[in-house]
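Participant: Numbering (the numbering used here), first residue to last: 1 to 223. Using N, Cα and C, we set each Cβ at its ideal position, and we do this for glycine too. Values in this document were obtained by computation on a predicted structure and should not be read as measured data. After the C-alpha cells below, expect a handful of questions from me.
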Amino acid sequence: MALFVQRKPHRTLVTDGVSSLGHVVESLGVPLTEVGALVVDGREVPPSHVPKPAERLVVRPVERPQRVPGAPLRFLLDVHLGTLARRLRLLGVDTAYESTDIGDPALAARSAAEKRVMLSRDRGLLRRRELWAGAFVYSTRPDDQLHDVLDRFAPDLRPWTRCTACNGLLRQATKDEVAAQLKHGTQRSYDVFAQCTACGRAYWKGAHHDQLEAIVARALKER
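As C-alpha cells, this is what we get:
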C-alpha cells in the first residue's frame, strides 16, 4: 500500500460530501484491487460509502492468499507482462495474454467475459469497473513478479501441462507426430515429446530445459 501513497501513514483529508469512499481512495493513487477492506470508525463499509466529517478511515491491504470466488482461478495479462505469462503457463496456470496492445476497454471486457483476474502495472486499467477482478504487479523483475502472484493467489500448480506460447493443454506425442517441426539433430537426440492440443507446437527437453526446471523447482519450493 505504501507504494501508492508516498506520504505519512496517517493524514487528514477533506472530501466534498458527495464522492464515494472508493473514489476518494483511488484519488490517492490506490487501485481498489489492492484494498482488502475499508474500515470506518471500526466497522467495515463498502466502497460506495460516502465519508462524513470526522470519520476515521483505515484502509487494509488484501489478505494473502487472496480468494477470488465465483469462477476457477485464471489470469489475463497485458502486453507488458509476456515473461510472467510464459512462466505461469510453464507452471500449468491458466493464463491468457495479449501480445499486442488491444486497449484498456477490450482488456477489461475480456476479463469480465472470461472471468479472469487482470494482472497489470497499469493503475488506470485496474480502476475500470467492468473488470472481473484485478491485481497490481508490483515489480518489473519477472522472478519477483512470479513470486508475488503465487504468494498472493496460491494457484494450483501443474508444471509442464500447458503451452507457453498459447496456453493450450499439452499431450504426449510421438516423434513421428511432430517430425515436421524437428531439425535433424533434434530428431536424432530426443525421443520424448509433447504437443499442444490447441496450436500444435512441439515440446522436448532442449537446451533451455535446465533453466525452466529451475523456475519450476523454485516455485514448488516456495509453496
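#1: Roughly how far, in whole angstroms, is the beta-carbon of Thr33 from the beta-carbon of Gly124, given that I think they are within contact range, below 8 Å?
#2: What are the residues that DSSP puts in a beta bridge with Ala109?
#3: Using 8 Å as the cut-off, can you tell me whether the stretch 186-197 makes contact with the stretch 147-166, which would need three or more C-beta pairs spanning the two stretches below that distance?
#4: Taking only the alpha-carbon atoms, compute the straight-line gap between Lys227 and Gly206 and give it to the nearest angstrom.
#5: Return yes when the Cβ of Arg110 is within less than 8 Å of the Cβ of Leu76, no when it is not.
#6: Which stretch, first to last residue, makes up the alpha helix (DSSP H) that contains Glu63?
#7: With 16 as the cutoff for other CB atoms within 10 Å, does Asp144 come out buried or exposed?
#8: Please report the distance separating the alpha-carbon of Leu220 from that of Pro53.
#9: For the 8 Å Cβ check, are there 3 or more pairs between the stretch 40-47 and the stretch 63-77?
#10: Using DSSP bridges, identify the partner residues of Val117.
#11: Under 7 Å from any heavy atom of the ligand FAD, does the C-beta of Gln195 make it?
#12: What beta strand (DSSP E) runs, 3 residues minimum, are completely inside the stretch 193-220?
#13: Return the chain-ordered ranges of every beta strand (DSSP E) run that is complete within the stretch 168-197 and spans a minimum of 3 residues.
#14: So which of Arg152, Asn167, Val58 and Arg141 has the shortest CA-CA distance to Arg11?
#15: Check whether the stretch 150-158 touches the stretch 185-192, counting contact only when three or more Cβ pairs, one atom from each stretch, lie closer than 8 Å.
#16: Measure the alpha-carbon distance for Arg223 versus Leu150 and round it to whole angstroms.
#17: What are the boundary residues of the beta strand (DSSP E) that includes Gly103?
#18: Between the beta-carbon of Val50 and the beta-carbon of Leu21, is there less than 8 Å?
#19: Taking the DSSP output, what are the residues bridged to Arg162?
#20: Can you tell me whether Thr33 is helix, strand or coil according to DSSP?
#21: What residues in its chain sit with their C-beta under 8 Å from that of Asp148, if we drop five residues either side in the sequence?
#22: Compute the Euclidean distance between the alpha carbons of Thr83 and Asn167, then round it to the nearest angstrom.
#23: DSSP three-state label for Ala96, please.
#24: To which residues of the same chain is Arg121 closer than 6 Å at the C-beta, ignoring the five residues directly before and after it?
Facilitator: Put simply:
#1: The Cβ separation is near 12 Å, so there is no contact.
#2: None, per the DSSP bridge assignment.
#3: yes
#4: Coverage of the chain is limited to positions 1 through 223, which leaves residue 227 absent and any answer about it impossible.
#5: yes
#6: Segment: none, Glu63 is in no alpha helix (DSSP H) and carries neither H nor E.
#7: exposed
#8: 49 Å
#9: no
#10: Phe75 and Ala133
#11: Ligands displayed in this structure: none; no statement on the ligand FAD is therefore possible.
#12: 193-196
#13: 170-173 and 193-196
#14: Val58
#15: no
#16: 8 Å
#17: No beta strand (DSSP E) holds Gly103; DSSP gives it neither H nor E.
#18: yes
#19: Leu169
#20: helix
#21: Val137, Tyr138 and Ser139
#22: 13 Å
#23: strand
#24: Val137
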